[in-house]
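From first to last, the protein sequence lines stand for chains Y and B. By our numbering, the letter at position 93 of the first sequence is numbered 1382, and the numbering carries on one by one without gaps. By our numbering, the letter at position 191 of the second sequence is numbered 1480, and the numbering carries on one by one without gaps. Below you'll find the structure, written out as structure tokens, and then a few comments.
Protein chains: 2
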Amino acid sequence: MSPKILDSAELDAREQVMLRSAFQLIAEEGVSGLTIDKLVNRIPYSKGTVYNHFSGKEDLLTGLCIEALEHLSHLFQRAAAYPGNSRERITAIGFAYMLHAQINPVAFMLVITAKTPSIWEKTSDKRQQAYQQKEDQLLQVFLQVICDAISVGDLSLPASFSESDVAFALWANCFGTIALLQEDLERCAVRQNIEMEPAVLRHCSLLLNSFGWLPLHQNPEPTIEQLKTGLFKAEIEQLEQRLTAKGQPL
Amino acid sequence: MSPKILDSAELDAREQVMLRSAFQLIAEEGVSGLTIDKLVNRIPYSKGTVYNHFSGKEDLLTGLCIEALEHLSHLFQRAAAYPGNSRERITAIGFAYMLHAQINPVAFMLVITAKTPSIWEKTSDKRQQAYQQKEDQLLQVFLQVICDAISVGDLSLPASFSESDVAFALWANCFGTIALLQEDLERCAVRQNIEMEPAVLRHCSLLLNSFGWLPLHQNPEPTIEQLKTGLFKAEIEQLEQRLTAKGQPL
DNA sequence: GACTATTTTTGACGGATCGTCATTATAAGA
DNA sequence: TCTTATAATGACGATCCGTCAAAAATAGTC
């Protein structure tokens, strides 16, 4: 039935099937619901074949994370290409990060836990490298906007801050805000009825102001409505669909 | 051998024994190394007895998180009582958060993952409540310092910011910085040779300045050396011991 | 087409872990 | 001493993981 020599297109297609089914399984039953046996029952391949593609459950999870990073990377690149000033663009990236986390909360949490030793150690070298590469891509987008801002004069680096430091400060701030407000972490004491979207934007504004990133704005950033009805219109609609009918795959 | 009717002191003592051994097991073999069977082999109680105390492995993990939050709570309270101005005190809390994460990195990561559905759902109601309570305690310390700062005049709330919003912004910022620089997440692209201590302090300074929290400082906050040689002397030493000889329990 | 060699797929198996529960052990009271 | 309530035990069934020897499928050769 199957060809003797498998071309990489066929292999990729299979991997996609496996990742899709794994994702769906997680969407239905949570991360702990993902089981190799259950997965095998849903796909036209056997357990052994799955293990030809993934070194184990953890490798599969990292595979899903890589897909999530790809999704995020697309959003970032679109945000970075937003036709506005540098402050609007960096804000758009933060906004994109938040959108991603809301559209795909499970993947967002997965990425956090993917680097813990219990998962990372069991990830194949091949996929570890692929993951790192995607992560680098993301950082590059961030850095590009920062460098642009500097060259245009919108931003001048504070003493003892490198471009990377600025990128990291913004990233950590967005990440912390999103992570603590993530729906998975319901009923956190820290988050008392705080809405994610305004919080992320407020925190971005605070930090950008602190860097003296021009043009200085009061929060909320005025450009947000444009992002929601323009650049990220599709994602916003996708998000609203999610809120009405839950449980559908990415 | 055992008394017929167990008083709560005896029960608490047992729970401590179990938690200690679980902690040690994790320190030796990582979170995935914690196994009920292995735990049972190390303590003078049987599996059934363990299950009389904890509803399962996840409940045990949450139990460890509660202990971690208690540790953190002590640090926070000491920081909040630091005899300095309000800005120094809030900075001391952020510093304490970082110290805690460095002294007990596994617990820090555990607390992140504890709220994910796969763990939280399997946690007993009793322990869920205990956890929430500890979390509330932490937030209260934060809020107290913020309210003090306002009443003293060091801080005036920005428009559309409540006290909780300020607390959350600071918390999220510290959390994000620490989490991304956590040693468990080695080789993150975002963190290129960035040291945790200066990063946390820089980010705190940025945010405090953005709030106009008086007295305005350049980073690094000048009070840090005092914290390291005074208030948190013991913890700093503990940390240095950890760096030289790894693997010893909290 | 028959036969061989090579590649690929398969799922049964051993090992490990979980959580339960019938059984055993212990202590208090009569 | 004997009964009874309480607590501790660990054997057991169920589940899941990852492996590997056997089976299936294909390509090549005559």
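Every residue gets a Cβ at the ideal spot worked out from N, C-alpha and C, and that includes glycine.
I need the straight-line Cα distance from residue i to residue j, nearest angstrom please.
i, j, result
"Glu1551/Y", "Phe1431/Y", "For residue 1551/Y there is no data in the structure shown, the boundaries of chain Y being 1290 and 1539."
"Leu1520/B", "Ile1435/B", "20 Å"
"Arg1309/Y", "Ala1385/B", "43 Å"
"Arg1331/Y", "Leu1444/Y", "52 Å"
"Cys1463/Y", "Gln1418/Y", "25 Å"
"Gln1493/Y", "Glu1359/Y", "Rather than Gln, the amino acid found at residue 1493/Y in this sequence is Cys. Taking the straight line from one Cα to the other gives about 23 Å."
"Ser1291/Y", "Glu1299/Y", "Below a pLDDT of 50, predicted positions are generally treated as unreliable, and Ser1291/Y, at 43, falls in that range; the measurement from the model is reported next regardless. Those two C-alpha atoms are separated by around 10 Å."
"Arg1376/B", "Pro1504/B", "7 Å"
"Val1306/B", "Ile1355/B", "15 Å"
"Glu1410/Y", "Phe1450/B", "43 Å"
"Pro1484/Y", "Ala1468/Y", "Checking the sequence, you will find Glu at residue 1484/Y rather than Pro. Computed Cα separation, rounded: 12 Å."
"Leu1490/Y", "Ser1362/B", "29 Å"
"Phe1500/Y", "Glu1452/Y", "12 Å"
"Lys1517/B", "Gly1383/B", "13 Å"
"Tyr1334/Y", "Lys1327/Y", "12 Å"
"Gln1422/B", "Lys1415/B", "11 Å"
"Leu1539/B", "Gln1515/Y", "At Leu1539/B, the pLDDT of 38 sits below 50, so the modelled position is not reliable and the matter cannot be decided from this model."
"Val1395/Y", "Asn1341/Y", "26 Å"
"Leu1495/B", "Phe1365/B", "21 Å"
"Leu1349/B", "Thr1380/Y", "41 Å"
"Ile1325/Y", "Gly1337/Y", "10 Å"
"Leu1428/Y", "Ser1297/B", "53 Å"
"Trp1502/B", "Thr1512/B", "15 Å"
"Ala1523/B", "Gln1391/B", "14 Å"
"Gly1551/Y", "Met1387/Y", "What is shown of chain Y runs 1290 to 1539, which leaves residue 1551/Y out entirely."
"Leu1353/B", "Glu1424/Y", "32 Å"
"Ala1339/Y", "Tyr1420/Y", "Here residue 1339/Y turns out to be Val, not Ala, going by the sequence shown. Taking the straight line from one Cα to the other gives about 20 Å."
"Ala1311/B", "Asp1301/B", "15 Å"
"Glu1529/Y", "Asp1454/B", "26 Å"
"Thr1466/Y", "Leu1295/B", "45 Å"
"Glu1318/B", "His1506/B", "43 Å"
"Leu1532/Y", "His1389/Y", "14 Å"
"Ile1401/B", "Gln1527/B", "23 Å"
"Asn1393/B", "Pro1487/Y", "33 Å"
Taking the alpha helix (DSSP H) that residue i belongs to, which residues open and close that run?
i, result
"Lys1336/Y", "1336-1342"
"His1506/Y", "Here His1506/Y belongs to no alpha helix (DSSP H), and DSSP marks it neither H nor E."
"Gln1527/B", "1522-1533"
"Gln1421/B", "1414-1441"
"Pro1406/Y", "1406-1409"
"Leu1353/Y", "1346-1369"
"Thr1380/B", "1375-1392"
"Glu1484/Y", "Run containing Glu1484/Y: none; DSSP gives neither H nor E here."
"Leu1459/B", "1452-1470"
"Leu1444/Y", "Element bounds for Leu1444/Y: n/a, residue is neither H nor E."
"Thr1518/Y", "1513-1518"
Entirely enclosed beta strand (DSSP E) segments - the segment 1293-1332 of chain Y, minimum 3 residues: List check, beta strand (DSSP E) in window: nothing returned.
The segment 1376-1394 of chain B: positions lying closer than 7 Å to chain Y by Cβ: Along the segment 1376-1394 of chain B, none of the residues has a CB nearer than 7 Å to a CB of chain Y.
Short of 9 Å Cβ to Cβ, which residues in the segment 1317-1331 of chain Y face chain B? Within the segment 1317-1331 of chain Y, the residues whose Cβ lies closer than 9 Å to some Cβ of chain B are Gly1319, Val1320, Ser1321, Gly1322, listed in chain order.
Within 8 Å of chain B by C-beta, residues of the segment 1488-1506 of chain Y in sequence order: Those residues of the segment 1488-1506 of chain Y placed with their C-beta closer than 8 Å to a C-beta in chain B are Ala1488, Arg1491, His1492, Leu1495, Leu1496, Asn1498, Ser1499, Phe1500, ordered along the chain.
Members of the segment 1444-1458 of chain Y that neighbour chain B once the beta carbon cut-off is set at 8 Å: If the cut-off is 8 Å between Cβ atoms, the segment 1444-1458 of chain Y has Ala1448, Ser1449, Phe1450, Ser1453, Asp1454, Ala1456, Phe1457, Ala1458 near chain B.
Against chain B, which members of the segment 1405-1425 of chain Y pass a CB distance test of less than 7 Å? Hits within the stretch, in order: Thr1405, Pro1406, Ser1407, Gln1421, Glu1424, Asp1425.
Interface positions of the segment 1345-1361 of chain Y facing chain B (Cβ-Cβ less than 7 Å), listed along the chain: Cβ contacts with chain B: none found.
Contact residues within the segment 1509-1523 of chain Y, judged by C-beta distance below 8 Å to chain B: The residues in question: there are none.
Taking a cut of 8 Å between CB atoms, which residues from the segment 1425-1441 of chain Y lie near chain B? From the segment 1425-1441 of chain Y, only Asp1425, Leu1427, Leu1428 have a Cβ closer than 8 Å to chain B.
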